[in-house]
Amino acid sequence: HWHGFFQKNNSWADDPAFVAQCLIAQNNLFLYTFPTASQAGTFWYHS
């Protein structure tokens, strides 16, 4: 879960499991990719 980022057209990546995305299988990963060049401030992630 991200804080501080405006995720235009990418909000599906910040919803709970089974709502907007599938679970991440064991020994796999999910890569968050979204533009940040036009954003300023403090950003952080927690699960």
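For the sequence shown, this note's numbering gives the first residue as 7, with consecutive numbering after it. Even glycine gets a Cβ: it sits at the ideal position worked out from N, Cα and C.
Distance, Cα to Cα, residue i vs residue j?
i, j, result
"residue 29", "residue 40", "20 angstroms"
"residue 35", "residue 51", "16 angstroms"
"residue 32", "residue 15", "27 angstroms"
If you run the structure through DSSP and keep just helix, strand and coil, what is residue i?
i, result
"residue 27", "strand"
"residue 51", "strand"
"residue 7", "coil"
I'd like to check one pair, residue j with residue i: are the Cβ atoms closer than 9 angstroms?
i, j, result
"residue 45", "residue 12", "yes"
If contacts are defined as beta-carbon pairs under 8 angstroms, then residue i and residue j qualify, I think. What distance do you get, rounded to the angstrom?
i, j, result
"residue 53", "residue 7", "7 angstroms"
Quick one: does the C-beta of residue i sit closer than 8 angstroms to a heavy atom of the ligand GTP?
i, result
"residue 41", "Within the structure as shown, the ligand GTP is missing, as the structure has no ligands at all."
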